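Below is one structure, written out as structure tokens; comments come after it.
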Amino acid sequence: MILSFEGIKNVRDISEIRRADGKALKRNKIFRGAELSEATENDIKLLKGKYGVKVIVDFRGESACSERPNKLVPSSHYYNIPSLPAGTIPKGENDTSEEFAQLMERPMEMFMKIYEALALSEESADAYKKFFHILIDNNCPSVYLHCKQGKDRTGIAMFLLLTVLGFDREDIINDYLMTNDAMKPEFDRLKNEGVLNDKHKLELYTVIMLVRRECIEKYISLINDKYGSVDSYIRNRLGIDEDKVKLLQKGYLE
Numbered sequence: 016m017i018l019s020f021e022g023i024k025n026v027r028d029i030s031e032i033r034r035a036d037g038k039a040l041k042r043n044k045i046f047r048g049a050e051l052s053e054a055t056e057n058d059i060k061l062l063k064g065k066y067g068v069k070v071i072v073d074f075r076g077e078s079a080c081s082e083r084p085n086k087l088v089p090s091s092h093y094y095n096i097p098s099l100p101a102g103t104i105p106k107g108e109n110d111t112s113e114e115f116a117q118l119m120e121r122p123m124e125m126f127m128k129i130y131e132a133l134a135l136s137e138e139s140a141d142a143y144k145k146f147f148h149i150l151i152d153n154n155c156p157s158v159y160l161h162c163k164q165g166k167d168r169t170g171i172a173m174f175l176l177l178t179v180l181g182f183d184r185e186d187i188i189n190d191y192l193m194t195n196d197a198m199k200p201e202f203d204r205l206k207n208e209g210v211l212n213d214k215h216k217l218e219l220y221t222v223i224m225l226v227r228r229e230c231i232e233k234y235i236s237l238i239n240d241k242y243g244s245v246d247s248y249i250r251n252r253l254g255i256d257e258d259k260v261k262l263l264q265k266g267y268l269e
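Quick look at the structure:
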């Protein structure tokens with residue numbers, strides 16, 4: 016379910032999909048979205064009060080966190096676990112790196128490299144391992160997951176968590192693609208204002224703001240090639256054994 020906030024984009028309560036046995040995620044337990052740097056006072060009140068968020072997991076790098084610090088949610092625990100190697104994502108228009116030049120020239124190719132890093136880098140595996148243990152150590156809390164836009168790094172975290180919770184692969188991918196519904200109003204606004212009239216800029220903003228099925232499928236393929244299967248990756252690399260699976264399912268399903 017897409018939720019409306021004043022200063023936070025792409026916020027969703029992940030509770031509408033069901034497993035084959037009828038079980039679903041508990042309401043107000045798992046939220047995903049963009050960074051909280053522009054959250055308003057009302058947004059913070061919603062996260063704390065109506066939605067009862069107790070844990071915030073931030074997958075951004077250290078430089079992004081210092082440049083665009085989150086607004087704090089009272090009574091919540093904040094964890095920053097960068098899920099990409101430093102320098103993988105260009106900083107912005109003033110970035111002089113090769114990565115930024117490649118993003119500007121070949122945006123889709125650059126984003127595929129981000130998904131390669133999410134699948135193959137030790138930094139990403141370590142981050143997602145920490146993510147699961149944060150959930151377990153906090154007794155399956157109401158959690159808000161985010162990166163910058165809440166679509167790629169956060170999307171992979173949700174893909175892994177929903178897999179552990181036993182949801183169908185196609186339903187998980189459809190949740191990943193729901194970012195496009197959440198971001199469409201902002202994307203359409205930019206188009207209507209003429210910001211995206213240039214063909215290259217349209218391609219760039221499409222990659223930056225939206226998600227594509229081939230990205231998540233590329234991630235799955237790379238995981239399968241390296242670890243044998245997504246389940247094997249979760250069990251052997253992330254350390255989520257059967258007991259931890261049962262604990263997470265008990266905490267988040269009804």
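Quick note: the sequence shown, position 97, residue 112 per the numbering used here, numbers continuous.
We put the beta carbon where it would ideally sit given N, CA and C, even for glycine.
These numbers were taken from a predicted model, which means no experiment stands behind them.
Go to residue i, then tell me how far its beta strand (DSSP E) extends in each direction, as first and last residue.
| i | result |
| --- | --- |
| V88 | Here V88 belongs to no beta strand (DSSP E), and DSSP marks it neither H nor E. |
| I231 | It is not in any beta strand (DSSP E) - I231 instead sits in the alpha helix (DSSP H) that spans R228 to Y242. |
| Y248 | Run containing Y248: none; DSSP gives neither H nor E here. |
Would DSSP call residue i helix, strand or coil?
| i | result |
| --- | --- |
| G6 | Nothing in the structure corresponds to residue 6, since the chain is present only between 16 and 269. |
| G67 | coil |
| N95 | strand |
| I151 | helix |
| I129 | helix |
| R47 | strand |
| I59 | helix |
| L160 | strand |
| L40 | strand |
| E124 | helix |
| R27 | strand |
Under DSSP, the alpha helix (DSSP H) around residue i begins and ends at which residues?
| i | result |
| --- | --- |
| Y220 | K214 to M224 |
| Y267 | E257 to Y267 |
| A101 | Per DSSP, A101 belongs to no alpha helix (DSSP H) and is neither H nor E. |
| E31 | Segment: none, E31 is in no alpha helix (DSSP H) and carries neither H nor E. |
| A79 | E77 to E82 |
Report yes if the C-beta distance between residue i and residue j is below 8 angstroms; otherwise report no.
| i | j | result |
| --- | --- | --- |
| F46 | T169 | no |
| V88 | K63 | yes |
| N85 | S52 | yes |
| K214 | L135 | no |
| I17 | D196 | yes |
| K41 | S30 | yes |
| M198 | L225 | yes |
| I171 | K259 | no |
| I32 | D256 | no |
| K24 | A79 | no |
| P122 | V222 | yes |
| E50 | R83 | yes |
| N43 | H92 | no |
| G181 | G48 | no |
| F20 | L61 | yes |
| E131 | L237 | yes |
| F146 | V72 | yes |
| G22 | D58 | yes |
| R246 | A35 | Before going further, note that residue 246 is Asp rather than Arg in the sequence given. Taking 8 angstroms as the Cβ cut-off, D246 and A35 do not qualify as a contacting pair. |
Do residue i and the ligand ADP come close, with the Cβ less than 7 angstroms from some heavy atom?
| i | result |
| --- | --- |
| K38 | Ligands in the displayed structure: none, and consequently the ligand ADP is not present. |
Check your understanding: Mind pulling the alpha helix (DSSP H) runs of 4 or more residues that sit fully within the segment 165-209?
Key -> 168-179, 184-192 and 194-207
**Study point:** Sufficient close CB pairs (3 or more, under 8 angstroms) joining the segment 155-175 to the segment 68-75
**Key:** yes
Practice item. Please determine if the segment 127-145 and the segment 251-264 are in contact, where contact requires at least 3 C-beta pairs separated by less than 8 angstroms. Key: yes
Practice item. Specify whether the segment 200-213 and the segment 160-177 touch according to this definition: at least 3 beta carbon pairs, one from each stretch, less than 8 angstroms apart. Key: Touching, no.
**Study point:** Meets three-Cβ-pair contact criterion under 8 angstroms: the segment 226-244 and the segment 259-267
**Key:** Segments in contact, no.
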